[in-house]
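Here the protein sequences line up with chains H and A, keeping their order.
In my numbering, each residue carries its 1-based index in the first sequence increased by 4.
In my numbering, each residue carries its 1-based index in the second sequence increased by 13.
Using N, Cα and C, we set each Cβ at its ideal position, and we do this for glycine too.
Below is one structure; the comments refer to it alone.
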Amino acid sequence: MIRTTRSRTIVILTFALTLIAAIVAIGLGSVHIAVPDILKTIFNGREEGVFTTIIWDIRLPRVLLALIIGANIAISGALLQAVMGNPLADPGLTGVTSGAAAFVLLIMLANPEYTHLIPIAAFVGGLLAATIVYALAWRRTGITPITIILSGVAVNALCGGVIGFLSILYSDRLPSAVQWLNGSLAAKGHASLQMIYVYAIIGWILSIFAIRKANIIRLGDQVAVNLGENVTRIRILLSILAVFLAAISVAAIGMIGFVGLIVPHMARLLVGSDYKYMLPMSMAMGAIVLLLADTGGRTLFAPLDIPAGILMAVIGGPYFLYLMRKRAF
Amino acid sequence: MLKIEQLAVCYEHKEVIHDFSFNVKKGEVLSIIGPNGSGKSTILKAVSRMLPYSAGTITFDGENMRQLSSKEIAKKMCVLSQRNQAPADITVRNLVCYGRYPHKKWFERLDDEDYAIVDWALEKTQLTHYKDQSIAALSGGESQRAWIAMALAQRPQILLLDEPTTYLDIAHQHEVLELVRELNRDMGMTVVMVLHDLNQASSYSDRIVVVKDGYRAQMGTPDDVMTEQMIQTIYKMEAEIQHVEWDSAPRIQLKNTIKC
Numbered sequence: 005m006i007r008t009t010r011s012r013t014i015v016i017l018t019f020a021l022t023l024i025a026a027i028v029a030i031g032l033g034s035v036h037i038a039v040p041d042i043l044k045t046i047f048n049g050r051e052e053g054v055f056t057t058i059i060w061d062i063r064l065p066r067v068l069l070a071l072i073i074g075a076n077i078a079i080s081g082a083l084l085q086a087v088m089g090n091p092l093a094d095p096g097l098t099g100v101t102s103g104a105a106a107f108v109l110l111i112m113l114a115n116p117e118y119t120h121l122i123p124i125a126a127f128v129g130g131l132l133a134a135t136i137v138y139a140l141a142w143r144r145t146g147i148t149p150i151t152i153i154l155s156g157v158a159v160n161a162l163c164g165g166v167i168g169f170l171s172i173l174y175s176d177r178l179p180s181a182v183q184w185l186n187g188s189l190a191a192k193g194h195a196s197l198q199m200i201y202v203y204a205i206i207g208w209i210l211s212i213f214a215i216r217k218a219n220i221i222r223l224g225d226q227v228a229v230n231l232g233e234n235v236t237r238i239r240i241l242l243s244i245l246a247v248f249l250a251a252i253s254v255a256a257i258g259m260i261g262f263v264g265l266i267v268p269h270m271a272r273l274l275v276g277s278d279y280k281y282m283l284p285m286s287m288a289m290g291a292i293v294l295l296l297a298d299t300g301g302r303t304l305f306a307p308l309d310i311p312a313g314i315l316m317a318v319i320g321g322p323y324f325l326y327l328m329r330k331r332a333f
Numbered sequence: 014m015l016k017i018e019q020l021a022v023c024y025e026h027k028e029v030i031h032d033f034s035f036n037v038k039k040g041e042v043l044s045i046i047g048p049n050g051s052g053k054s055t056i057l058k059a060v061s062r063m064l065p066y067s068a069g070t071i072t073f074d075g076e077n078m079r080q081l082s083s084k085e086i087a088k089k090m091c092v093l094s095q096r097n098q099a100p101a102d103i104t105v106r107n108l109v110c111y112g113r114y115p116h117k118k119w120f121e122r123l124d125d126e127d128y129a130i131v132d133w134a135l136e137k138t139q140l141t142h143y144k145d146q147s148i149a150a151l152s153g154g155e156s157q158r159a160w161i162a163m164a165l166a167q168r169p170q171i172l173l174l175d176e177p178t179t180y181l182d183i184a185h186q187h188e189v190l191e192l193v194r195e196l197n198r199d200m201g202m203t204v205v206m207v208l209h210d211l212n213q214a215s216s217y218s219d220r221i222v223v224v225k226d227g228y229r230a231q232m233g234t235p236d237d238v239m240t241e242q243m244i245q246t247i248y249k250m251e252a253e254i255q256h257v258e259w260d261s262a263p264r265i266q267l268k269n270t271i272k273c
């Protein structure tokens, strides 16, 4: 009982922290805006003010996008980890991200007239990658870290090949895609936000329903069957949800690695492995982490705008090695 | 109550259980024994739908199990394997709560009645004291009891146990088997278990099924089954059957391996 109260408090505090971080991040940039001005501008709506354009058109959409996508990827990772029963499962390592990216590029570079189909293409690509990983990684005894990594390597290589191939074929159109490939939130305004937020909210609501099922399958297949659950169906549904959340994120801002791996891991350390707390915790922490990566990327090296995906890779890689060293897997 | 008829199970295209029939009567403890690799656990897995069976029928109170939904079966029958893995940080009470899920629709939350059943299950297994501890902090016997408590919370009519004592030391083995006996006697719980230890099978069962190479070799009360002849043919061991005053069941004293 004490533990659950503690976990609940941590989750609530993290959500509060997310809000504070978001407000601070809106203030940061080439034009520094004080917190009272930010609040005033936001609550006044789109009425003309000194900072209206900066906040409403540039910073707010970008911050919201970072929050939404960070939350998406972290939830996606947490769900995949439940499905595969393995803390190494993450949309990046398993190839879901690059599968989605390859399909998005197929449209972005080869068929730019179908831009509106990008989210669907990302979803299809992600599902395809997930299916291949399952087919390769599944053994009688379940999925082991080694089989995940190996099949992830294979799928990532394949998708990398497709991406490379497309980049050469359509090198004239490549510049527009480079920012996207690196997972950048720069120049992503209302359009991306509008594209993603409905999908994201749907995904989050479905995730709430996934909590109990995720908790049951983490007791092991045998126990889950014993409790009258259809394990295969749960796996498929949760995977589809995880791929959906990762794919819409890829469609919006490109490839961002490690969030889905690191965040659920940290969340588990803080609130335990009960998905009732772990999933919302991952959501809030994912939002904060990506916001930090994006805000850091655009302020630390200003006027350069370092894509959040690059910053995540630079921070995430060593953290991953640290986890390996601690034998967390 | 449970009737297994002409069961056959294939494992990687090879039939490992052949034409196996037996029935379980309401309120009895039935043990399945046999040498390693004889298929005794496989039978239990097929009955508990962990493994598909290729032929035969399994009926529960006259209803074909294939026609019942997974959830309906979960309310009637519960299986425990020899080793269960739970996330290390789950508390005993939370684990036991999962036992109530088969009785709930996907959107329903546990209510007071469910919690009363959970508390009752904890009390029955003498875990009330440990309810807020994490599973990882328990000893082998205690954690096996926690899993049994979860099974009890499911309120099944029949409990299937796959080698419930294998990974426990003798004191904990005794504790778990005594609990099984108590559940059987006090609540009339029907129990089917796979056991390795012949003496345990003998003293805790009403009837015993002997499996050899996937065939049913014998079936009957401990007195019928536990004979020097049986141990010789099934286990290739010489043994003496003893009767002691403190236990009505026959005791098996093993002597030598028979050399061929």
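Separation of residue j from residue i, as counted between CA atoms
{"i": "N186 (chain H)", "j": "L64 (chain H)", "result": "21 Å"}
{"i": "L173 (chain A)", "j": "H116 (chain A)", "result": "19 Å"}
{"i": "M199 (chain H)", "j": "V254 (chain H)", "result": "12 Å"}
{"i": "A149 (chain A)", "j": "R96 (chain A)", "result": "13 Å"}
{"i": "H100 (chain H)", "j": "L131 (chain H)", "result": "The residue asked about is misnamed: residue 100 (chain H) is Val in this sequence, not His. Their Cα atoms are separated by approximately 7 Å."}
{"i": "G252 (chain H)", "j": "V15 (chain H)", "result": "Looking at the sequence provided, one finds Ile at residue 252 (chain H) rather than Gly. C-alpha separation (whole angstroms): 25 Å."}
{"i": "P322 (chain H)", "j": "N49 (chain A)", "result": "47 Å"}
{"i": "L242 (chain H)", "j": "I209 (chain H)", "result": "13 Å"}
{"i": "S277 (chain H)", "j": "Y128 (chain A)", "result": "22 Å"}
{"i": "I215 (chain H)", "j": "W259 (chain A)", "result": "52 Å"}
{"i": "N90 (chain H)", "j": "I240 (chain H)", "result": "16 Å"}
Where residue i falls: helix, strand or coil (DSSP)
{"i": "V67 (chain H)", "result": "helix"}
{"i": "S152 (chain A)", "result": "coil"}
{"i": "G69 (chain A)", "result": "strand"}
{"i": "A166 (chain A)", "result": "helix"}
{"i": "P179 (chain H)", "result": "helix"}
{"i": "P91 (chain H)", "result": "coil"}
{"i": "G233 (chain A)", "result": "strand"}
{"i": "K268 (chain A)", "result": "strand"}
{"i": "N230 (chain H)", "result": "helix"}
{"i": "M285 (chain H)", "result": "helix"}
{"i": "V54 (chain H)", "result": "coil"}
{"i": "I221 (chain A)", "result": "strand"}
{"i": "V207 (chain A)", "result": "strand"}
{"i": "I6 (chain A)", "result": "Outside the shown range of chain A (14 to 273) lies residue 6 (chain A), about which nothing can therefore be said."}
{"i": "I310 (chain H)", "result": "coil"}
{"i": "M200 (chain A)", "result": "helix"}
Contact list for residue i against chain A, beta-carbon separation under 7 Å
{"i": "R222 (chain H)", "result": "P100"}
{"i": "Q226 (chain H)", "result": "M63, S94"}
Beta-carbon neighbours of residue i, restricted to chain A and to distances below 8 Å
{"i": "D298 (chain H)", "result": "Within 8 Å Cβ-Cβ: nothing; D298 (chain H) doesn't reach chain A, min ~32 Å."}
{"i": "N90 (chain H)", "result": "Chain A residues near N90 (chain H): none, gap ~13 Å exceeds 8 Å."}
Selected residue, minimal CA-CA separation from residue i, among the options
{"i": "N77 (chain A)", "options": "A:E126, A:E136, A:V222, A:M14", "result": "A:M14"}
{"i": "L43 (chain A)", "options": "A:N197, A:D74, A:D260, A:E241", "result": "A:N197"}
{"i": "V263 (chain H)", "options": "H:F305, H:V318, H:I310", "result": "H:V318"}
{"i": "L245 (chain H)", "options": "H:I212, H:G258, H:V182", "result": "H:I212"}
{"i": "K39 (chain A)", "options": "A:S61, A:K16, A:D32, A:H209", "result": "A:K16"}
{"i": "A250 (chain H)", "options": "H:R329, H:A38, H:G96", "result": "H:G96"}
{"i": "S216 (chain A)", "options": "A:Q146, A:S261, A:D182, A:G154", "result": "A:S261"}
{"i": "Q89 (chain A)", "options": "A:Q245, A:L211, A:M202, A:Y228", "result": "It is worth fixing the name first, because residue 89 (chain A) is Lys in this sequence and not Gln. When only C-alpha atoms are compared, the closest one is A:M202."}
{"i": "A271 (chain H)", "options": "H:M289, H:L315, H:A25, H:A86", "result": "H:M289"}
Contact set for residue i: own chain, Cβ-Cβ below 6 Å, skip 5 residues either direction
{"i": "A87 (chain A)", "result": "P115"}
{"i": "A134 (chain A)", "result": "V109, A162, L165, A166"}
{"i": "V207 (chain A)", "result": "I45, K53, S54, L57, D175, E176"}
{"i": "V205 (chain A)", "result": "V37, L43, L173"}
{"i": "L140 (chain H)", "result": "S155"}
{"i": "A68 (chain A)", "result": "A21"}
{"i": "A214 (chain A)", "result": "S44, I46, L208, I221"}
Residue i at chain B interface by Cβ criterion, 7 Å
{"i": "S277 (chain H)", "result": "No chain B appears in this structure, whose protein chains are H and A."}
Partner residues on chain H for residue i, Cβ-Cβ distance less than 9 Å
{"i": "N77 (chain A)", "result": "Simply none; closest approach about 17 Å."}
{"i": "S54 (chain A)", "result": "Those do not exist, as S54 (chain A) stays about 12 Å from chain H at its closest Cβ, beyond 9 Å."}
{"i": "A87 (chain A)", "result": "V229, N230, L231, G232, E233"}
{"i": "I148 (chain A)", "result": "Result: empty, since nearest Cβ-Cβ is about 10 Å, beyond 9 Å."}
Under 7 Å from the C-beta of residue i: neighbouring residues of chain H
{"i": "V92 (chain A)", "result": "N230"}
{"i": "Y111 (chain A)", "result": "I220, L223, L231"}
Own chain partners of residue i with C-beta closer than 8 Å, once the 5 adjacent residues on each side are dropped
{"i": "L64 (chain A)", "result": "V22, Y24, T55, K58"}
{"i": "E241 (chain A)", "result": "E251, A252, E253, I254"}
{"i": "M232 (chain A)", "result": "F35, R220, I221, V222, V223, V238"}
{"i": "C256 (chain A)", "result": "Inspection of the sequence shows that residue 256 (chain A) is occupied by His rather than by Cys. Taken in chain order, the residues that qualify are P263, R264."}
Same chain, Cβ closer than 7 Å to residue i, five either side skipped, listed in chain order
{"i": "L109 (chain H)", "result": "I167, L170, A181"}
{"i": "V275 (chain H)", "result": "S11, I14, V15, Y281, M282, M285"}
{"i": "Y201 (chain H)", "result": "I72"}
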